[in-house]
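This report concerns only the one structure given below.
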Amino acid sequence: MILKIDMHVHTYYSDSDGSVSEVLEEAQRKGLDGLAITDHKTVRGALEAIKRRSRLIIIPGQEVKTEQCEMLALGIKRKIKDDLPLLKALREIHAQGGLAVVPHPTIPFFGSLNEKTMKILPLDGIEVFSSITPLPWYFLRKNLELARKLQLSIIAGSDSHFLKTVGDAYTIIYSKGRTVHEVLRAIKLGRTLIGGKPSPLSFKMRMIRNMIQAT
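Numbered per my numbering, the sequence shown spans residues 520 to 734.
Shown next as structure tokens:
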């Protein structure tokens, strides 16, 4: 079956303006089959979404800040502490049966991973398209080339920090079923394409302002 899943979504449990119920409603309104809730510093939003038992496939996760970079931990249900050494964080993700995916890998200011380093790490994929980033088509080309060189699976997500941008980008997944296990397995095997569009410029400007205020 073919599934459309936004693989990078935040809720008000970290730094989004959308509650869990609002995020789920927006995802359904946009015709998604599921989404990965990847808040910073917590998995509470993901666990709440699972309890709500909507028709959506909920991939529990977290955007983990390591000493070197950020990392999407997809398929985990226990929080991973921030600021761990990268290899330790990767081990903890895999110990929970999760996938470790590099978000926004070629965008400056988001970490220090280079191609040489990524080549020797036990990574499971690369987020090649993020709808909230500036110059999305430019970075898409760079990220696709990087994924090809490293022979890593590709995903896309909105990296939504605003309710209205949920589902702007999503991953098209060729999965054997609608379970989290089958979805993660399909991603690991590279049975993915990307879909969606860039988020409106107004939201990108708000994102930049929020980042500046947080520093």
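All residues carry an ideal CB built from backbone N, CA and C; glycine is no exception. None of the values given here were measured: they were computed from a predicted structure.
Distance from the CA of Ser677 to the CA of Gly686, rounded to the nearest whole angstrom, comes to 6 Å. Sixteen is the threshold: since fewer than 16 other Cβ atoms of the shown chains lie within 10 Å of the Cβ of Ser540, the residue is exposed. Contact between the stretch 605–613 and the stretch 647–660 is absent, with fewer than three C-beta pairs closer than 8 Å. A direct Cα-to-Cα measurement between Ile556 and Pro579 gives close to 6 Å.
DSSP places Lys707 in the uninterrupted alpha helix (DSSP H) bounded by Val699 to Lys707. Scanning Ser535, Lys707, Thr690 and Lys683 for the CA closest to the CA of Gln670 turns up Lys707. Its Cα nearest to that of Leu618, the residue Ile674 stands out among Ile674, Gly564 and Asp601. Counted as a single uninterrupted DSSP element, the stretch harbouring Ile651 is not any alpha helix (DSSP H), since DSSP gives it neither H nor E. Remark: C-beta atoms of Leu575 and Ala608 do not approach each other more closely than 7 Å. Fully contained in the stretch 570–641 are the following alpha helix (DSSP H) runs of length 4 or more, in chain order: 605–614 and 634–638. Segment contact: the stretch 689–702 against the stretch 713–723, three or more CB-CB distances shorter than 8 Å; contact assigned. Residue burial is scored here from C-beta neighbours: Ser721 has fewer than 16 other C-beta atoms within 10 angstroms and is therefore classed as exposed.
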